[in-house]
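The structure appears below as C-alpha cells.
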Amino acid sequence: MVLLLAFGSYLVHRGLEDADRIASVVGVFLNVFALILTAGGVWLGWKAGRSTPEPEPGALVSRLAGEIRRQLIREEAVRRVHDPFPLAVRLDRAEDWLQDHEENVGAAPEALDGTLDTIIELYHRVPSGRVVVLGRAGAGKSVLAMRLVLGLLDDRSGPDDPVPVLVPMSSWDPREKPLDAWLSEQILATYPFLEPLGDGAALFEDGRLLPVLDGFDELGETTRTTALKMINYAFSPGRRIIMTSRVDEYAAAVSEGDVLTGSVALRMQDLDFAEVTRYLPLTARKPSDPGAGGKWRATLAGLAADPASPLRETLSTPLMVSMARAAYSETAADPGELLNREMFPDSESIQVHLLDGFVAAAYDQPWQPGEPRVEDPGRALRFLASEVYDLYGDAINWWHFSKAVPRYGAAAIGGVLGAAIGALVTFPRDRTSSLFAVGFLGVTGSIGVLLGSDTIEPRRASTSVRSVLRSTLSHARYAIPVALGIGVAMGAATASLADYAVMMLILGAGMSLAAGVGETRSRSESGQTPRSLLAADRRVAVLAIILLGTVFFLSRWDRGIGEATLFGALGAILAAILYAWPAFVVARIWFFLSGSFPWRVIGFLEHAHRRGVLRQVGGSYQFRHALLKDRLVMRALEGRSPPRWADVVIADRRRPALWYWLKLPFLYINRLLLPEGKAQANDVLAICWSDLGRYSRAVICAEAAAAIGDPDLRENGVLQTNLGLRYGEAGRLDDAYETLKAVTHERWRRFGTGDPHALSTRLNFAALLVDVGRIAEAEPIVDGLVKAYTRLLPPSDGQVISARSVVLRWRLLRGDDDAESALREWIDALSRDGRLASIGTETALAMHCARTGRLPEAEHLLTALIRSYRPWAGRPARLERLILRLQRLRVRQELGEQDLLAEAERIARRLDRWLGPGHPDPRAAAAFAASLVPATDGAALVADR
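For this note's numbering, add 8 to where a residue sits in the sequence shown, where the first one is 1.
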C-alpha cells in the first residue's frame with residue numbers, strides 16, 4: 009500500500025502527460041504480470057486437483073522400503089553379486105576392546121561367527137541391535153551392508169517395523185553439522201517424498217528408520233573420534249544402528265575416545281583360497297576343448313603350489329577377485345601372467361594392474377545403441393576422480409561440475425554466449441548500437457557466470473501458489489532493496505531519480521518472482537536420478553528465464569523495441585544465474601572444448617554406472633570403491649608434467665583482482681541487510697580487502713569484527729587470529745605479536761594438541777616470530793609442531809606443509825648446518841607435486857645464500873621468483889614482487905653493482921604509496937635508498953619517508 013501511494017504521488021508530481029505515459033507502460037507490465045500469475049495459478053490449481061491426498065506415515069514408510077529394495081537390487085545386479093553366487097566372506101568377533109561391555113549390549117551374545125549368507129541371523133543375535141562391521145580395504149563391507157539391508161527389509165512383518173536405510177558417511181563433517189541434522193538432510197534429499205512427515209531426524213528418533221552408516225573410515229582422520237562421540241550422543245540406548253569401517257581407522261578412533269555404545273564388533277576375514285578356487289573358474293566360459301581345462305586352471309594350480317605367492321595375497325579380498333574376473337575371465341588376456349614375479353613382484357603391483365585392467369575391461373565391450381561414444385573413457389574417469397569427485401563430500405553431482413571450471417574459462421564462455429545473444433537481439437540495427445549491445449551483454453554474461461559460479465542446488469517447479477509466494481517474498485527481502493539502491497544511484501547520475509527507482513523496483517520484484525518459481529526439493533516425486541534432477545532444474549530455469557526476460561523487456565517498452573529487446577536479454581542472463589542448469593551448460597562446453605570430458609555428461613555417468621565403475625546413491629554417483637578412485641587419481645597425476653617451482657609460487661595469488669572488486673558491494677550490502685551477522689561480514693570484508701592488497705582497510709574491518717564478536721567465533725579465537733594476521737600484513741608487527749600471542753596461549757590452554765584449529769593459531773604465531781627474527785622465542789613453539797600435525801593430519805595437508813616450512817625456515821635462521829639441504833629437498837618435493845608452502849620459504853633460502861656469501865646464487869633465486877609473477881597478478885602479488893626486487897637490489901649492491909639509486913627510490917615511493925609511511929617495508933626501502941646517496945641527502949630521504 010505504501011508503495012502504491014508513493015507511486016501515485018510520483019505520477020501527480022510528473023504531470024498528466026508523463027503520468028499517462030508512465031502509467032500506460034506500468035499498466036502493460038502489470039497486465040502481463042497478472043496474466044502470468046493467473047496462468048500459473050490455473051496450472052497449479054489443475055495440478056493440485058489432480059494430486060492425491062497426502063498419504064499416511066505408514067504408507068510413506070512402506071513406499072520407502074520399496075524404493076530402497078528396488079535401488080539395492082539394481083545395484084547388486086550392476087555389481088554382479090549373484091553371478092554366479094555371492095562370495096562366502098566369513099565373519100567372527102573382533103578384538104574385545106573394540107566392542108562394548110556385554111552388560112551394555114544387553115546380554116551375553118551367542119556365538120557370532122558365520123558368513124555373508126547368515127548375516128541377518130548374526131544381527132538378530134545381538135540384543136542391542138548395534139553392530140560395527142570391520143574389514144580391510146576391499147573386504148566387501150559395502151556389499152555386506154547392502155545384503156544386510158535387503159535381508160532386514162525381507163524380515164519386515166508390518167508397517168511399524170523399522171526400515172533400514174543405507175547412508176554413506178563420506179559427506180558428513182561432524183565439525184559442521186550434528187548427526188541428526190545431517191541424517192535428516194540425507195534422507196530427505198535422497199527420498200524427498202518423505203517431506204510431508206516433517207523432520208527426517210524424527211523418523212530415526214521414532215524408530216521408523218534404522219540407519220546403516222557405511223564408511224566410517226571415509227571421514228577425515230581428525231574428525232573420526234568426534235564423530236563417534238556424536239553418534240553415541242545422538243543415539244540413546246535402545247536405538248539400533250549399524251556401521252561399517254576399516255579396522256585400523258575404527259581402532260584409532262576407539263583408542264582416542266570410546267566404542268560405539270552397546271555395540272558388538274564383527275570382523276570380516278580374508279577369503280579362503282578354496283572359495284576363490286571355486287568361484288573364478290565359474291566366471292569364465294567353458295573351453296572348446298574339454299581336456300584343456302578352464303582359463304583359470306593353470307593359474308590356480310600355481311597358487312596352490314605356492315602359498316606365499318603375492319597373487320594369492322591379492323585375491324584374498326572380494327574386490328580384487330571381482331577385478332580379476334573383469335580383467336581376465338571376460339577378456340582374451342591370460343591370468344597366468346600374474347604369476348610372473350618379475351612383472352609383479354608384490355601384491356601392490358598386482359592390485360594396481362587389476363584396477364587398471366578392470367577399467368579397460370569395463371569399456372572393452374561392443375557399443376550399444378543409445379550409449380555415448382567416448383574415445384578415451386579412461387581420461388574422463390581420471391578427470392572425474394581428480395577434479396570433480398572430492399569437491400563436495402566424495403560424490404559426483406552434475407551441479408558440481410561448474411566448480412571444476414577455471415574462472416577465466418567460465419567468464420570467457422559466458423562472455424561469448426552473452427555476446428552471441430547481443431548479436432541476435434540487435435540484428436539488424438545500426439552498427440554502433442549493435443556493437444554496444446554485443447559488448448554490453450558479453451561483459452554481463454562474463455560477470456553473470458562469475459557471480460553464479462558458486463554451487464546452486466538443483467530445483468524443481470513449485471507445486472503450490474503458497475510456496476511460490478513464500479519463496480518470492482523471501483527473495484524480495486534482498487532483491488528489491490538492492491535493485492532500488494541501484495535505481496537510485498543510476499537516477500542520481502542521470503537526473504532521472506524517480507524514473508530509475510520505479511523501474512528498478514519493478515525489476516527487483518520480477519527477479520524475486522523468477523527465483524520463487526522453483527523450490528529445492530520435490531515433495532512427491534520418488535526414485536530421483538541425476539537425469540531427472542537435471543530435467544526438473546532445466547524446466548524451471550527456462551520458465552524463470554522467460555519470465556524475467558519478459559519483465560525486463562516490458563520495463564523498457566516505451567524506449568523502443570531495440571532497447572526493450574536488449575533489456576529482455578539482460579533479464580534472461582540474470583535469471584540464468586539463479587539456477588544450476590545454465591552453469592552446467594557452461595561447464596559442458598568448457599570440458600568438451602578442452603577435451604577433458606565428453607559432451608553427453610549424464611549419458612557417460614549412466615554408462616559408467618551400468619559398467620560397474622560407478623554406483624548410484626539417490627541423485628548422485630560415487631566410485632565403486634575408494635581404491636579404484638585413488639588409482640584413477642594417481643593415473644591422472646602421472647600424466648601431468650610437474651610445474652617449475654617458481655611458477656607455482658604465486659599460483660594462489662593469480663585470481664583476477666576484478667573478482668574481489670565485484671564481491672565488495674555485495675559484502676557491504678549483506679552487512680547492512682543482516683545486522684546479526686556483522687561480525688562474520690566484517691571478517692569476510694577484511695579478507696577481501698587483504699586479497700586486494702588494501703591492508704589498512706582490512707585492519708579496520710578486522711578490528712570491527714573482533715569488537716562486535718560473534719560468541720562462537722569469539723570463543724574459538726577465529727576473529728582474533730584473523731585480526732592478528734591483518735596486523736602483520738599492515739606492518740603493525742607489535743600489535744600482531746600481542747594479538748596472536750594472546751589467542752595462541754588461550755587456545756593452547758583450552759584445546760592443546762588435539763585441536764587442529766589451536767595448532768593453526770600456534771602456527772601463525774610461530775611464523776610471525778620467525779619472520780621478524782625472534783628466533784629464541786620461536787624455538788619452544790616450533791618444537792614439536794610438525795609432530796603434532798603429522799599425528800592429526802595426512803602429510804599432504806596444507807597445514808602440515810605450512811608447519812614444516814616454518815620449521816625449516818626457523819632452522820635456517822638458527823644456523824643449522826643441515827637446514828639448507830633439507831629446505832631444498834622440501835621445495836623440490838613440493839614442486840614435483842605441484843604445491844608450494846609460501847613465498848617466504850623461497851625468499852628465506854635466497855637470503856641465506858646471500859648471508860653465506862653465495863651472492864650469484866641468491867640473485868638467481870630472487871630473479872626466478874620475480875619472473876614467475878604474471879602481469880595480471882593481484883596487488884598482494886605485486887607488493888611481494890616489489891619486496892623481492894628490493895632484496896635483489898641489496899644482493900646486487902653486495903656484488904658491487906652501481907647506479908641502483910633510481911630503482912631503489914622508485915620501489916620506496918611505490919611501497920610508501922601502497923602501504924603507508926608507517927609500514928616497515930617502505931621504511932626499509934627508504935633506508936636502503938639512503939645508503940646509496942651522500943649522508944646529507946640520505947638523511948633527508950629517510951626523513952621524507
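Ideal placement from N, C-alpha and C gives every residue a C-beta, glycine not left out.
Check, Outcome
"At least three beta-carbon pairs within less than 8 Å, the segment 70-81 to the segment 167-175", "yes"
"Segment contact flag, the segment 312-326 with the segment 350-366, C-beta cutoff 8 Å, min 3 pairs", "yes"
"Touching by the beta-carbon criterion (3+ pairs, under 8 Å), the segment 893-900 and the segment 909-919", "yes"
"In DSSP terms, what F631 is bridged to", "L622"
"Neighbourhood of I127 by C-beta, 8 Å cutoff - its chain only, sequence neighbours within 5 removed", "L99, L152, R155, L156 and G159"
"Whether V255 touches R275 by CB criterion (8 Å)", "yes"
"Collapsed DSSP secondary structure at I404 in the structure displayed", "strand"
"R623 versus V86, L72, G74 and A67, residue with shortest Cα-Cα distance", "V86"
"Reduced DSSP category for M177 - H, G, I as helix; E, B as strand; rest coil", "coil"
"Option nearest W607 by Cα separation, candidates D266, L727 and A388", "A388"
"Among H617, D566 and V641, nearest to Q630 - alpha-carbon criterion", "H617"
"The segment 240-254 / the segment 218-232 touching (three or more Cβ pairs under 8 Å)", "yes"
"Residue nearest to D225 in terms of C-alpha spacing, selected from G143, L279, R286 and A750", "G143"
"Endpoints, alpha helix (DSSP H) assigned at P289", "F281 to T291"
"Cβ pair R101, L120 closer than 8 Å", "yes"
"Inter-residue Cα distance where the pair is A552 and W406", "20 Å"
"For G627 and L541, believed in contact at Cβ under 8 Å, the rounded distance", "5 Å"
"C-beta atoms of V140 and A273 nearer than 8 Å", "yes"
"Residue range of the unbroken beta strand (DSSP E) whose run includes D222", "L217 to D222"
"Nearest neighbour of D214, chosen from D280, V594 and S244 [CA to CA]", "S244"
"Closest Cα partner of L582 within the set V550, R138 and S604", "V550"
"Distance between V707 and A935 (C-alpha atoms, nearest Å)", "26 Å"
"Same chain only: Cβ atoms within 7 Å of L346, ignoring 5 sequence neighbours per side", "T307, L319, F352 and I358"
"Nearest-angstrom Cα separation, counted from T573 out to R546", "23 Å"
"Contact set for Q277: own chain, Cβ-Cβ below 6 Å, skip 5 residues either direction", "R98"
"Span separating the alpha-carbon of W565 from that of Y587", "27 Å"
"CA nearest to the CA of G146, picked from L268, L578, M328 and L392", "M328"
"Coil, strand or helix - P606 by DSSP", "coil"
"Other residues of its chain near G310: CB distance less than 6 Å, five sequence neighbours each side excluded", "L347"
"Assumed close pair V69, P167 - CB separation to whole angstroms, cut-off 8 Å", "6 Å"
"Local conformation of L142 per DSSP, three classes", "strand"
"7 Å Cβ shell around A503 - same chain, five flanking residues per side excluded", "At A503 the pLDDT is 42, less than 50, meaning the model places this residue with poor confidence; the figure from the coordinates comes in the next sentence. Counting only Cβ-Cβ distances below 7 Å, and skipping sequence neighbours, we find nothing."
"Through-space distance from S698 to V559, alpha-carbon basis", "39 Å"
"Buried/exposed call for K149, threshold 16 Cβ in 10 Å", "buried"
"Beta-carbon contacts of K237 that lie in its chain and below 8 Å, excluding the five residues immediately before and after", "G265 and D266"
"Residues that P172 bridges to, as DSSP identifies them", "L218"
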